[in-house]
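Trainee: Residues in the sequence shown are numbered from 1 upward in steps of one, following UniProt numbering. Positions of the beta carbon are idealized from the N, C-alpha and C atoms, including for glycine. In this text, all values refer to a predicted model and were calculated from it rather than measured experimentally.
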Amino acid sequence: MPRALVLLAALLLAGCALAPAAGTQEVTVEVVNAPGAECRGEDLQGRKYQWTNTPATAALPWLGGPINLACEKPGFKKLALILTRSAPTGGTPRETFFFFPPAAAAVGLLEGASGARYAYPTPLRLVMEPEDSAPEAERKKYEELRKQYEREVLGR
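Here is the structure:
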């Protein structure tokens, strides 16, 4: 009998130790045309998340809600968006690529992980608009990425 209690206690304690890791999802943020950008997020409960020196990965709560995400890098306009979870629609995993003007936008597309009822998109690939004073080559790269997005995602 005491042996059974010790075994039960060990199993319960082991489960508690594993619970936080099982309750998170790793989300990678990459700013395609501005590597090294700093992105920060905050959810409705005030929890803060950070993606330092992108591409970077942060652990978000599996049952978390929308996250206000902002990315900054010198020479680029600030990027702001809302990251939301959504239900996967099935099929094969795919890379998630987003183009955003420097205004807020909502994100909530599929993440290809099997077994996930709701998930944040990952990897989250963003494009930041260069400042007006940026070199012509940087502005040209941005325009090429914008056109690529329109072709691949919007079908234009």
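In angstroms with no decimal places, state the Cα-to-Cα distance between Leu69 and Arg139.
Mentor: Whole-angstrom Cα-Cα distance: 23 Å.
Trainee: How big is the Cα-Cα spacing for Pro121 and Val27?
Mentor: Those two C-alpha atoms are separated by around 7 Å.
Trainee: Taking buried to mean at least 16 other C-beta atoms within 10 Å of its own C-beta, is Glu143 buried or exposed?
Mentor: By the neighbour-count rule (16 or more Cβ atoms within 10 Å), Glu143 is not buried but exposed.
Trainee: Which residues in the same chain have their Cβ closer than 6 Å to the Cβ of Gly41, if we skip the five residues on either side of it in sequence?
Mentor: Correct list, in chain order: Tyr49, Ile67 and Leu69.
Trainee: Under a Cβ-count criterion, where at least 16 other Cβ atoms within 10 Å of its own Cβ denotes burial, should Arg156 be classed as buried or exposed?
Mentor: Under this definition Arg156 is an exposed residue.
Trainee: Going by CA-CA distance only, name the one from Ile82, Asp43, Pro55 and Ala34 that's closest to Leu63.
Mentor: It is Asp43.
Trainee: DSSP three-state label for Lys147, please.
Mentor: Helix.
Trainee: Taking all protein chains shown into account, decide if Lys73 is buried (16 or more other Cβ within 10 angstroms of its Cβ) or exposed.
Mentor: Looking at its Cβ environment, which holds 16 or more other Cβ atoms inside 10 Å, Lys73 is buried.
Trainee: Do Glu30 and Pro55 have their C-beta atoms closer together than 7 Å?
Mentor: Yes.
Trainee: Use the C-beta contact count for Arg125: other C-beta atoms within 10 angstroms, 16 or more gives buried, fewer gives exposed.
Mentor: Buried, since its Cβ has 16 or more Cβ neighbours within 10 Å.
Trainee: Would DSSP call Arg156 helix, strand or coil?
Mentor: The answer is coil: DSSP assigns Arg156 none of H, G, I, E or B.
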